[in-house]
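Residue numbers (UniProt numbering): 1 to 306.
Ideal Cβ positions, reconstructed from N, Cα and C, are used throughout, including at glycine.
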């Protein structure tokens, strides 16, 4: 005799033929559609851990803004030291995981762990320089936005400032040899702020992104000092070169060079390895694919007349 069982709603449970589905997924995963790095299972970096790490680093760099507002002169150094020690230990593990996806990941576990420690140590040593850049960025925001009432408002309420903070940390990790981890940090920032900056981009001091939403800065872009961008600006590639087999060639310079003191207004799209000369202004919604000399003033109307 067969006894039918029912769930709490009085509906007979469905049968999904799970064994067949699981077996087919295994064949796809292990054989026909294997996309694992070097076809091996590897422990991925954790987005949750990286979020905790960036929060810890933010608190170390600006303790009363991103750490604890009630810190005193007596307690602040203890807080910074304790938070930094915990955060760097967490970072080392995530760097190690990310290095497993590098080209030289088969160096051996001991060497991989040592390289992760070396990267983290160099990163820690660079934190004062990163903080100096971030202070210049915040000051640029305060000087460049008439709506800004205080430094605290900029640091806590401006998505562009948060995106730059994540970028500065990620860029240093990228430079030190941890590009996968750096990319994940920038992707977390993108989710939070709507600003998409590749960690490989080079951006000078006193950088300001006003409003922020929709800004895209590509991997090989180079920005000088005191550059200001508004929402929905794209610094992208015009074309993607391929090799003889038709595969994209990675890492070639393909994004704009933006020199010092350039302002690019909302909705402008600047494509290709072109140069925007120092002191130039690019108007809103301009589509620009050619270099312009220093102190140019490019408007949408001018682009339509060309």
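Annotated three-state conformation of residue 160 is helix, per DSSP. In this structure, 52 is the residue among 298, 52 and 17 with its C-alpha nearest to the C-alpha of residue 66.
When the beta-carbon positions are compared, residue 63 and residue 79 come within less than 8 Å of each other. If you compare the alpha carbons of 213, 189 and 219 with that of residue 203, the shortest gap goes to 219.
Shown here, residue 82 sits in a helix according to DSSP, grouped into three states. Residue 44 sits in coil when the DSSP states are folded into three classes, being neither helix nor strand. Between residue 169 and residue 288, the CB-CB gap reaches or exceeds 8 Å. Per DSSP, residue 192 is one residue of the alpha helix (DSSP H) stretching across 179-193. Short of 6 Å from the beta carbon of residue 108, and not among the five residues preceding or following it, lies no beta carbon of its own chain.
Out of 210, 249 and 217, the CA that lies nearest to the CA of residue 256 is found in 217. For residue 297, the three-state secondary structure derived from DSSP is strand.
For residue 121, the three-state secondary structure derived from DSSP is helix.
In the three-state scheme derived from DSSP, where H, G and I count as helix and E and B as strand, residue 154 is classed as helix. In terms of Cβ geometry, residue 83 and residue 60 form a close pair [threshold 8 Å]. A distance of 8 Å or more separates the beta carbons of residue 158 and residue 185.
Of the residues assessed, residue 32 falls on the exposed side of the cut-off, its CB having fewer than 16 other CB atoms within 10 angstroms.
Where residue 235 is concerned, the enclosing beta strand (DSSP E) starts and stops at 234-236. Looking at the backbone, the Cα of residue 272 and that of residue 45 are separated by about 32 Å. Between the beta-carbon of residue 201 and that of residue 136 there is about 17 Å, and that puts the pair past the 8 Å contact cut. Between residue 267 and residue 232, the CB-CB gap stays under 8 Å. If you draw a 10 Å sphere on the C-beta of residue 119, you find 16 or more other C-beta atoms in it, and that means buried. Between the alpha carbons of residue 226 and residue 122 lies a distance of about 27 Å. Apart from the 5 residues on each side of it in sequence, residue 176 sits with its Cβ closer than 7 Å to the Cβ of 119, 122 and 123 in its chain, given in chain order.
If you look at residue 271, you'll find it in the beta strand (DSSP E) that goes 269-271. In this structure, residue 208 sits near residue 144, with a CB-CB distance shorter than 8 Å. Within the same chain, and ignoring the five residues on either side of residue 151 in sequence, the residues whose Cβ sits closer than 7 Å to its Cβ are 138 and 142. Here residue 100 carries a coil assignment [DSSP, helix/strand/coil]. For residue 284, the CB contacts under 6 Å within the same chain, skipping 5 residues up- and downstream, are 265, 266 and 267 in chain order. Between residue 178 and residue 99, the CB-CB gap stays under 8 Å.
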